[in-house]
Amino acid sequence: MPSYNTSDFRKGLKVQIEGDPYIMIECNFVKPGKGQALYKCKLRNLTRGTVLERTYKSGDSLDAADINEIDAQFLYQMGDTFSFMDNVSYEQYELSRDVIDDAWKYLKEGMLCKMMLYNNNPMGITPPNHVVLKVEYTEPAVRGNTATNVTKPAKVDTGAEIMVPN
50 MPSYNTSDFR
60 KGLKVQIEGD
70 PYIMIECNFV
80 KPGKGQALYK
90 CKLRNLTRGT
100 VLERTYKSGD
110 SLDAADINEI
120 DAQFLYQMGD
130 TFSFMDNVSY
140 EQYELSRDVI
150 DDAWKYLKEG
160 MLCKMMLYNN
170 NPMGITPPNH
180 VVLKVEYTEP
190 AVRGNTATNV
200 TKPAKVDTGA
210 EIMVPN
């Protein structure tokens, strides 16, 4: 199984620790005034969702997780369950809102996403980098409040509430 050296550590890296798949959500290089360089990393367990904080010395390595990424099309949402279809095998997967995290805010029917599979079980999705959404409702701008970057909540066609400029 391939492994990653500390010089390869970056956000989004998928590694295996003690038999569980993890994704790096944050990794910072720390060079103390004295001693060896360190890497302080935050990792999210892909099966349980727990966050782990670890410190690695320069030269340490981690095993790569056996995670496949496939193109999946978002089909529909029913309650808190989201249905996706593999574009190659036409196999369908259902994910809960907990697994999808905040990505549900940007999903529209028919949209192509990247889905992570670990042992053929879906672990999460990544929506496209650019999404066009329609604003359904927003409060009117407050007059005279232009000295700073002012934002206001807006409800979009996916049902999510996001912050937009005034």
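Residues 50 to 215 in my numbering are what the sequence shown lists, from first letter to last.
Note that the Cβ used here is the ideal one computed from N, Cα and C, for glycine as well.
Look at Y155 here: in three-state DSSP terms it is helix. In the three-state DSSP reduction, D120 falls in the strand class (E or B). Contact check for I74 against A121 fails: the beta carbons are separated by 8 angstroms or more. For S56, the three-state secondary structure derived from DSSP is helix. In this structure, the alpha-carbon of D69 lies about 14 angstroms from that of P171.
Annotated three-state conformation of V191 is coil, per DSSP. If you check the CB distance, A113 and P51 come in under 8 angstroms. Cβ atoms of L111 and Y167 stay farther apart than 8 angstroms, at about 16 angstroms. Distance between K83 and E118, taken at the CA atoms: about 41 angstroms. Following the DSSP letters along the chain, one finds D147 inside the alpha helix (DSSP H) bounded by residues R146 to I149. Counting the other Cβ atoms within 10 Å of the Cβ of Y139 gives fewer than 16, which makes it exposed. For the region 67-108, there is no continuous alpha helix (DSSP H) assignment of 4+ residues that stays within its boundaries.
Between the alpha carbons of H179 and W153 lies a distance of about 14 angstroms. Of all alpha-carbon atoms in P189, S56 and Y186, the one lying nearest the alpha-carbon of L87 is that of S56.
Taking the Cα of L95 as reference, the smallest distance to any Cα among T197, V181 and M164 is reached at M164. The continuous beta strand (DSSP E) containing M165 extends over residues L161 to Y167.
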